[in-house]
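Student: I'd like to ask you about the structure that follows.
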Amino acid sequence: MVGVPRSGGCPTCLSRKVKVSSALDHSRITLTQDYLWADTLPFHPTGLKCPGYTRPLDIRTQKPPFVAPPRDRKHPKPAAWVIARKPNTRPLLLPQITIDEVLAPNLAYEALSTQTKESFQGWLMYYFPRIYFSFKSRVDVNWMDFLRDIPPAHFPPALMWAIRALITFQMGTVQGNEMAIYSARHMYGRGLCHLRALLQTPAALSDECLASCILLGGYEILDGSSERSWISHTHGIRYIMSARGAAAHKSGIGRTMMLSFRPFLISEAFVMGEHCFLGDAEWTSLSNDATEKDGKKGKNNALGRIMDDAFDEFAKCPGYYAVTRNILASPTDPDNAVMDPLLSDIAHAKKRLRQLRAQLDIDQSMRVSDSFSGSVPAKYVDSTAQLISDGINSILALLGQLSTVLEADQSRRSVQRQARLVYGANCTPGQDPWRLSAEKISRRNDIRQPVLLCDPTAFTSSTRPIGDALDRFSLDLGMGSESTNASQPSEFAPTPGWKDLPP
Numbered sequence: 005m006v007g008v009p010r011s012g013g014c015p016t017c018l019s020r021k022v023k024v025s026s027a028l029d030h031s032r033i034t035l036t037q038d039y040l041w042a043d044t045l046p047f048h049p050t051g052l053k054c055p056g057y058t059r060p061l062d063i064r065t066q067k068p069p070f071v072a073p074p075r076d077r078k079h080p081k082p083a084a085w086v087i088a089r090k091p092n093t094r095p096l097l098l099p100q101i102t103i104d105e106v107l108a109p110n111l112a113y114e115a116l117s118t119q120t121k122e123s124f125q126g127w128l129m130y131y132f133p134r135i136y137f138s139f140k141s142r143v144d145v146n147w148m149d150f151l152r153d154i155p156p157a158h159f160p161p162a163l164m165w166a167i168r169a170l171i172t173f174q175m176g177t178v179q180g181n182e183m184a185i186y187s188a189r190h191m192y193g194r195g196l197c198h199l200r201a202l203l204q205t206p207a208a209l210s211d212e213c214l215a216s217c218i219l220l221g222g223y224e225i226l227d228g229s230s231e232r233s234w235i236s237h238t239h240g241i242r243y244i245m246s247a248r249g250a251a252a253h254k255s256g257i258g259r260t261m262m263l264s265f266r267p268f269l270i271s272e273a274f275v276m277g278e279h280c281f282l283g284d285a286e287w288t289s290l291s292n293d294a295t296e297k298d299g300k301k302g303k304n305n306a307l308g309r310i311m312d313d314a315f316d317e318f319a320k321c322p323g324y325y326a327v328t329r330n331i332l333a334s335p336t337d338p339d340n341a342v343m344d345p346l347l348s349d350i351a352h353a354k355k356r357l358r359q360l361r362a363q364l365d366i367d368q369s370m371r372v373s374d375s376f377s378g379s380v381p382a383k384y385v386d387s388t389a390q391l392i393s394d395g396i397n398s399i400l401a402l403l404g405q406l407s408t409v410l411e412a413d414q415s416r417r418s419v420q421r422q423a424r425l426v427y428g429a430n431c432t433p434g435q436d437p438w439r440l441s442a443e444k445i446s447r448r449n450d451i452r453q454p455v456l457l458c459d460p461t462a463f464t465s466s467t468r469p470i471g472d473a474l475d476r477f478s479l480d481l482g483m484g485s486e487s488t489n490a491s492q493p494s495e496f497a498p499t500p501g502w503k504d505l506p507p
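Under the numbering used here, the first residue of the sequence shown is numbered 5, with each subsequent residue one higher.
Written out as C-alpha cells, the structure reads:
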C-alpha cells in the first residue's frame, strides 16, 4: 500500500517530490526577513512563501530604488565648476569635465595650449609694450615665434605653466579677482616643480629651460613669495646665462631673452652690490655685432642702438660701485694698478653716456622718423626716449659721485702718508670720517642689505603693478620714473642709490 505524503508543501512541491515541513531552519526564516523570493506562490502553514522552483531563484532587495532629484532648469550648473556642499561643511569646488574632454581629450588639450600661447601676446603688450617694440624688428626670433615653433610633444611643462600663471595673474589683477590670483600662484608652484625636474636633465642649458626660468622669474617680480625672492630667482638665471656663454645669446631667441631680462639682471647686481656679467667685454661686444648685422639687413634704427649702448654702460656700473666700496673699506692703500684703471673707466663711461644723451635730445619732429624709431609706435617713441634719458642722468650722477669719492680718498691717503713721514710711523691720526663711513658701508654689506633701490618689486602686495610700471622700470632702472610720469606710484620714485657713500 502506498504511503500518504506528509509534506506541508503546495501541490507543485508535491508533484516535484520536494519535501517541505514546518520545521524549517531558522536561518532561512531570517533570510526571508530581508529578501523575498521572486515567485508569488501561496503561503505555507508556516507563514513562508513556497519557492515552487518554476524558474531559477532571483533575490531582490527590499530597499526602495534610488530616484534622482529633478534638475533645476532655472539655475543650471556652471560650465567649469560644480559646487558640492554638505550640511555644516565648507563648499568644495570640483572640476566638471566638459564634453570636449570626454570625446576628444587630446584635441581639447592642444586647443587650450594654443589659446594659452596666443594669449601671451596680450600679456607682453600689457606689461612691457616699449621693451617689446624696441627690439621687435631687430631680433631674428621674437617671443611669439619661439612659442609657436616649439612642437607640442617637446613643449616643456614648466614653460606652459609659467605662461598660464602670468596670464591668469594678469586677469586676476585687472578684474580684481582674488580667486584667479590664487589659481595663478598654484600654477606658478606647479611650474617650479617642473622646472626643478628640468634643471636636472641635459636640457638645463636649452632655450626652453632659460625661457621657463625667465617667465617664472617674471612672475616672482609681479607676485613674489617673499620680499627678495626675485633676487634668488634672478641669481639662478644669471648662472644659467653665464654657463650658456655669450655666443648662445648672439642671435635667435637667446638674444631676445637677453634683451628682455637684462634690466633685471643689472638691477639684481645693483641691489646686491656685485659685478654684473653683462658688463664684461664678451657680452658688450654683442651689441656691436648686432648693430652691424642690422645695418646689413636694413633694420638699424637710432633708438634701438642708443638703448643697447646705454645698457652696456649701465651693466658696468655695478662693478664700479663694488670696487669703489672695497677701496673705501680697505685699511691699506689701494694699488695704483686698480685705482687708475677704475677712474679711467668711470670717466670713459661718463663721456659715452653724455654722447648718448645728446643723441636722444633731438627735435621731436625727427623722433617720429623711421630712421630713429624703427618699429616703435609713435605713441611710445617720446616716452621711451625720455625714460632712457632719465636712466642716463641717474647713472651719470652715480658715476660722478663715485669719481669724487675716489679722488677724495686718494687725497686723504696721500696726506696720511706725508703725516707718517713727518711725525713717524707711530703717528695715530684721530678718527677719520672717511674711514668710519667706509666701515659703515662694509658692515651693511656683511648683512647683505641692498645698496641701491633698483628694485622692481618696490611695491606691496596690495598695490600690484597695473599697466606699464615694470616697462618704465626696465628702461630707467627705477631711477627716473617720477620725472616722466606724475601719476607713477610713489614706490617707483627715484631714490639716490649713492646716499650711503661718504659725502
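From the three backbone atoms N, C-alpha and C, an ideal C-beta is built for every residue, glycine too.
When burial is assigned at 16 or more other CB atoms within 10 Å of the CB, is Thr-260 buried or exposed?
Tutor: Numbered from its first residue, the sequence shown carries residue 260 at position 256. Thr-260 comes out buried.
Student: Distance, Cα to Cα, Leu-307 vs Val-419?
Tutor: Translated into positions along the sequence shown, residue 307 becomes position 303. Translated into positions along the sequence shown, residue 419 becomes position 415. If you take the alpha carbons of Leu-307 and Val-419, they lie about 47 angstroms apart.
Student: Hey, how far is the Cα of Arg-508 from the Cα of Arg-421?
Tutor: In this structure the chain extends from 5 to 507, so residue 508 is not present and cannot be described.
Student: Taking the Cβ atom as the reference point for each residue, do Ile-585 and Leu-403 lie within a distance shorter than 8 angstroms?
Tutor: Nothing about residue 585 can be reported from this structure: the residues present for the chain run from 5 to 507 only.
Student: Determine the closest residue to Gln-119 out of Pro-133, Ile-171 and Ser-138, with distance taken between C-alpha atoms.
Tutor: By one-based count along the sequence shown, residue 119 stands at place 115. Ranking Pro-133, Ile-171 and Ser-138 by Cα distance to Gln-119 puts Ile-171 first.
Student: Does the Cβ-Cβ distance between Ser-138 and Thr-408 come in under 8 angstroms?
Tutor: Counted from its first residue, the sequence shown places residue 138 at position 134. Counted from its first residue, the sequence shown places residue 408 at position 404. It is not a contact, given that the beta carbons lie outside the stated cut-off.
Student: Going by DSSP in three states, Ser-141 sits in which element: helix, strand or coil?
Tutor: Working through the sequence shown from its first residue, we reach residue 141 at position 137. Helix at Ser-141.
Student: Classify Asn-397 as helix, strand or coil using the three-state DSSP reduction.
Tutor: On the sequence shown, position 393 is the one that residue 397 refers to. Asn-397: helix per DSSP, three-state reduction.
Student: Assuming contact is defined by CB atoms lying nearer than 8 angstroms, are Gly-378 and Ser-141 in contact in what I supplied?
Tutor: Residue numbering aside, residue 378 sits at position 374 when the sequence shown is read from its first letter. Residue numbering aside, residue 141 sits at position 137 when the sequence shown is read from its first letter. Yes, they are a contact pair.
Student: For Arg-452, I'd like the list of residues in its chain whose CB is within less than 6 angstroms of its CB, leaving aside the five on either flank, ordered along the chain.
Tutor: Locating residue 452 in the sequence shown gives position 448, where the first residue counts as 1. Any reading at Arg-452 must be qualified, since the residue scores a pLDDT of 40, below 50, and its modelled position is unreliable; no value is offered.
Student: How is Ile-366 classed by DSSP in three states: helix, strand or coil?
Tutor: For the purposes of this step, residue 366 is taken as residue 362 along the sequence shown, with counting starting at 1. Three-state DSSP puts Ile-366 in coil, outside helix and strand.
Student: Pair every Cβ in the segment 178–193 with every Cβ in the segment 144–156, then say whether three or more of these pairs are closer than 8 angstroms.
Tutor: Output reads no: the segment 144–156 does not touch the segment 178–193.
Student: Spatial neighbours of Leu-347 within its chain, please: C-beta separation below 7 angstroms, excluding the five flanking residues on both sides.
Tutor: Locating residue 347 in the sequence shown gives position 343, counting from the first residue. Correct list, in chain order: Ser-407 and Leu-410.
Student: Grouping DSSP H, G and I as helix and E and B as strand, with all else coil, what is His-279?
Tutor: Within the sequence shown, residue 279 is the residue found at index 275, counting from 1. His-279: coil per DSSP, three-state reduction.
Student: Would you decide whether Lys-121 is buried or exposed? Buried here means 16 or more other CB atoms lie within 10 Å of its CB.
Tutor: The residue labelled residue 121 in the question sits at position 117 within the sequence shown. Classification of Lys-121: buried, given that the 10 Å Cβ count is 16 or more.
Student: Counting pairs of Cβ atoms below 8 angstroms between the segment 224–234 and the segment 198–216, do you hit three or more?
Tutor: With a cut-off of 8 angstroms, the segment 198–216 and the segment 224–234 do not count as touching, because too few Cβ pairs lie within range.
Student: Just how far apart, CA to CA, sit Thr-238 and Tyr-136?
Tutor: As a position in the sequence shown, residue 238 is number 234, starting the count at 1. As a position in the sequence shown, residue 136 is number 132, starting the count at 1. The straight-line gap from Cα to Cα measures roughly 20 angstroms.
Student: What is the rounded straight-line gap between the Cα of Gly-126 and the Cα of Arg-242?
Tutor: Residue 126 sits at position 122 when you count from the first residue of the sequence shown. Residue 242 sits at position 238 when you count from the first residue of the sequence shown. In a straight line, the C-alpha of Gly-126 is about 27 angstroms away from that of Arg-242.
Student: Consider the C-beta atom of Gly-258 and the heavy atoms of the ligand COA; say whether any pair is separated by less than 7 angstroms.
Tutor: The ligand COA is absent from the structure shown, which contains no ligand whatsoever.
Student: Is the beta carbon of Pro-322 closer than 8 angstroms to that of Glu-286?
Tutor: Within the sequence shown, numbered from 1, the residue matching residue 286 stands at position 282. Within the sequence shown, numbered from 1, the residue matching residue 322 stands at position 318. No, Cβ-Cβ distance for Glu-286 and Pro-322 is not below 8 angstroms.
Student: Per DSSP, what kind of secondary structure is Val-419 in: helix, strand or coil?
Tutor: Here the question's residue 419 lines up with position 415 in the sequence shown. The answer is helix: DSSP assigns Val-419 an H, G or I state.
Student: Just verifying my parser: in three-state terms, what is the DSSP assignment at Pro-49?
Tutor: Residue numbering aside, residue 49 sits at position 45 when the sequence shown is read from its first letter. Low confidence applies here, because Pro-49 scores a pLDDT of 48, under 50, leaving its location unreliable; read the following figure in that light. Of the three classes helix, strand and coil, the one that applies to Pro-49 here is coil, per DSSP.
Student: Taking the alpha carbon of Met-145 as the point to measure from, which residue in Gly-471, Gly-256 and Thr-295 has its own alpha carbon closest?
Tutor: One-based indexing of the sequence shown puts residue 145 at position 141. Looking at the sequence provided, one finds Val at residue 145 rather than Met. Minimum Cα distance to Val-145 is reached at Gly-256.
Student: Let me know the secondary structure DSSP gives Leu-457 once reduced to three states.
Tutor: For the purposes of this step, residue 457 is taken as the residue at position 453 of the sequence shown. In this prediction, Leu-457 scores a pLDDT of 46, lower than 50, which makes its location untrustworthy; the coordinate-derived value is nonetheless stated afterwards. Reduced to three states, the DSSP call for Leu-457 is coil.
Student: Does DSSP put Lys-320 in a helix, a strand or coil?
Tutor: The residue labelled residue 320 in the question sits at position 316 within the sequence shown. In this structure, Lys-320 counts as helix in the three-state DSSP scheme.
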